[in-house]
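Peer 1:
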Amino acid sequence: MRLLLTGGGVTNPSIRNALVGLLGKPIEESTALCIPTAMYGHPWLGPGVKAWEFAAGQEPGNPMVSLAWRSVGLLELTALPSIPDERWMPQVRDADVLLVSGGDAIYLHHWLRESRMLDLLGDLDDTVWVGMSAGSMVMAPRIGEEFVGWKSPLGDRGLGFVDFAICPHLAVGDRPGNSMEVAERWASKIDLPAYVMDDETAIVVDGDRVEVVSEGVWHRLGD
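For the sequence shown, counting from 1, position 185 maps to 179 in the working numbering; every step adds exactly one.
#1: From the DSSP output, read off the bridge partner residues of His213.
#2: What's the gap between the Cα of Ile21 and the Cα of Val124?
#3: Figure out for me which residue from Ala165, Gly201, Ser8, Ala12 has the closest Cα to the Cα of Leu118.
#4: Pull up the CB-CB distance for Trp218 and Glu209, whole angstroms please, since I reckon it's below 8 angstroms.
#5: How far does the beta strand (DSSP E) with Val204 in it extend, from its first residue to its last?
#6: List the residues that DSSP assigns as beta-bridge partners of Ser65.
#7: Based on the DSSP secondary-structure assignment, which residues constitute the bridge partners of Ala159?
#8: Residues bridged to Val94 by DSSP?
#9: I believe Met133 touches Leu114 by the beta-carbon criterion, under 8 angstroms. Please report the beta-carbon distance rounded to the nearest angstrom.
#10: Out of curiosity, what's the CA-to-CA distance linking Pro135 and Ser76?
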């Protein structure tokens, strides 16, 4: 898959242009499936208003579903084990993009495995994965203990689709978020190259190409 790993969604023209480049066509001609599952495992989010806002394209300040896609479907990972594969797998294969919300990355990892969605991901050569926060962090080999909320036998393991870790929501100016001190302490324990980035930054992964796209602030640590 081609990956667009963001902290806060498609928040500026540079990230939007990177998304269009990965799609190879306009957003208005592309079909999307949104995946809100990570929110359910997060103690501050859960399956309430925030999950509805994401799925309904009402994500204030964090555009993903609200980007004027040709069509948007809802893919709820927790429901998939009870549905025959032929009812949902073709829809995943046909989608141009998967829009994966923030929340708890370990909970998301768990349900990607339990739902059998993980079995498909390696075959989706023409699909773009757009992650926000936990939806980006889950692609790393490790999340880091500081970001583990939902407990799992997996510990802080991610999917390992990339060879670096991500610390999102770097606080810049008056914006709330993770301080650089917190990020450096996290990076010192994770034993991986790591990107620390604010919500105006994204990482593009397309084959061997890894590129930071930013109208904000980011740092690479651990090299």
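C-beta: ideal position from N, C-alpha, C; glycine also. If you're wondering where the values come from, they're calculated on a predicted model, not measured in any experiment.
Peer 2: The structure says:
#1: Val190
#2: 13 angstroms
#3: Gly201
#4: A question about residue 218 goes unanswered here, because the residues of the chain that appear run from -5 up to 217.
#5: 203 to 208
#6: Thr25
#7: Ala188
#8: Ile29, Gly125
#9: At roughly 15 angstroms, the Cβ-Cβ gap does not stay under 8 angstroms, so Met133 and Leu114 are not in contact.
#10: 29 angstroms
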